[in-house]
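Presented below is the structure to which this report refers.
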Amino acid sequence: MAVNSVASKLNSRQPSHSLRNIQLIKWSPIISPSLSLEQLDSMFNSQNSCLFSTEVNSTGPSQKSDKNLAHLHAIREILVDQLPTMFIRPQEYGAYALDVIFENNYWNQSYKTVGIKSYVWEMAKIRIYGHFKFANIKTHLLRVTIHEGEKAIRIRWRITGVPQTRVFLQFYKFLPGSKYSRERDDESNWFDGVSTFFLNEKGDIQQHTVDRVERDTEGAKDGSVLNTLKKLASQSSVNPT
30 MAVNSVASKL NSRQPSHSLR NIQLIKWSPI ISPSLSLEQL DSMFNSQNSC
80 LFSTEVNSTG PSQKSDKNLA HLHAIREILV DQLPTMFIRP QEYGAYALDV
130 IFENNYWNQS YKTVGIKSYV WEMAKIRIYG HFKFANIKTH LLRVTIHEGE
180 KAIRIRWRIT GVPQTRVFLQ FYKFLPGSKY SRERDDESNW FDGVSTFFLN
230 EKGDIQQHTV DRVERDTEGA KDGSVLNTLK KLASQSSVNP T
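For the sequence shown, our numbering begins at 30 and goes up steadily by one.
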């Protein structure tokens, strides 16, 4: 299978993960807005996109189109396997270009980094911050689509976790077999976002762009993170991981 051969080739690449000589470029002093639900729907429903599908109708030259699709599906499999465990196990970066661009529009000020060393460092900072602030932190993939025209994979994700201070003050809720497990889940905080991974001609991830998504007001009103996850998953036909 073309997908399996491309995936094995990508996994065999092992770029240097040294954090020395990090290059950080701040590129945009503007405040980054959150994506509205309408904008989000437009992003995921763009032309030539498919949702966890193994077949896509293509209209371009057959050979090049098949090669691009093989790369997209191979990278999608890698991302779907790795991202849900980004806070609990080391990540592999063999699928990323050495000059990969990371564009972060999530926080108040957008910035961009260039290079695999900088990218590894950015991911490490996210993991450190997550474990410092939250207990039981998890990454849920709510929607994954392939966009052949853009040579991109778009992932809607949600990170959930319970603040460490709450665990310290209400430790009894987190004991094994606690009767407060439902209340504990409802007290989770979460971050909603979209990651777009753009591929280059070689099939490597050339750019990773992160955008913020507006909070689901219904989910915030009833206070149930799990209910919101289930609702979003049912809308996109993907089960939360």
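Backbone N, C-alpha and C define an ideal beta-carbon position, used for all residues, glycine too. Being a predicted model, the structure only gives us computed values, none of them experimental.
For residue i, the residue or residues it bridges with in DSSP
{"i": "alanine 164", "result": "Val191"}
{"i": "glutamine 236", "result": "Ile130 and Phe227"}
{"i": "valine 173", "result": "Ile184"}
{"i": "glycine 222", "result": "Trp186 and Arg241"}
{"i": "tyrosine 125", "result": "Ile234"}
Cβ neighbour criterion (16 or more within 10 Å) applied to residue i
{"i": "threonine 114", "result": "exposed"}
{"i": "asparagine 165", "result": "exposed"}
{"i": "glycine 123", "result": "exposed"}
{"i": "tyrosine 148", "result": "buried"}
{"i": "phenylalanine 161", "result": "exposed"}
{"i": "aspartate 110", "result": "exposed"}
{"i": "arginine 172", "result": "buried"}
{"i": "aspartate 221", "result": "buried"}
{"i": "aspartate 240", "result": "buried"}
{"i": "isoleucine 305", "result": "The requested residue 305 does not occur in the structure, where the chain is confined to residues 30 to 270."}
{"i": "isoleucine 117", "result": "exposed"}
{"i": "leucine 127", "result": "exposed"}
{"i": "asparagine 133", "result": "buried"}
{"i": "aspartate 233", "result": "buried"}
{"i": "lysine 146", "result": "buried"}
{"i": "asparagine 137", "result": "exposed"}
{"i": "glutamate 23", "result": "Past the edges of the chain, shown from 30 to 270, lies residue 23, and the structure says nothing about it."}
{"i": "lysine 93", "result": "exposed"}
{"i": "leucine 101", "result": "buried"}
Heavy atom of the ligand GDP within 6 Å of residue i beta-carbon
{"i": "glycine 190", "result": "Annotation note on the ligand GDP: not contained in the displayed structure, which lists no ligands."}
Nearest neighbour of residue i, chosen from the options [CA to CA]
{"i": "lysine 141", "options": "Leu112, Thr238 and Arg105", "result": "Thr238"}
{"i": "glutamine 236", "options": "Val242, Ser224 and Glu243", "result": "Ser224"}
{"i": "glutamate 179", "options": "Leu228, Gly159 and Trp136", "result": "Leu228"}
{"i": "phenylalanine 226", "options": "Ile188, Ile184, Gly190 and Val191", "result": "Ile184"}
{"i": "tyrosine 135", "options": "Ile155, Ala126, Lys146 and Asp128", "result": "Ile155"}
{"i": "valine 129", "options": "Leu98, Leu170, Ile175 and Met152", "result": "Met152"}
{"i": "glycine 190", "options": "Asn97, Lys167 and Leu108", "result": "Lys167"}
{"i": "threonine 174", "options": "Glu230, Gln120 and Leu108", "result": "Leu108"}
{"i": "tryptophan 150", "options": "Glu106, Gln120, Asn218 and Phe163", "result": "Gln120"}
{"i": "tryptophan 219", "options": "His102, Lys96, Phe163 and Glu230", "result": "Phe163"}
{"i": "leucine 112", "options": "Pro192, His169 and Phe131", "result": "His169"}
{"i": "arginine 187", "options": "Gly144, Ser139, Glu106 and Val242", "result": "Val242"}
{"i": "glycine 159", "options": "Leu101, Ser139, Ala181 and Pro192", "result": "Pro192"}
{"i": "alanine 181", "options": "Arg105, Lys96 and Asp95", "result": "Arg105"}
{"i": "phenylalanine 131", "options": "Ser139, Tyr125 and Val143", "result": "Val143"}
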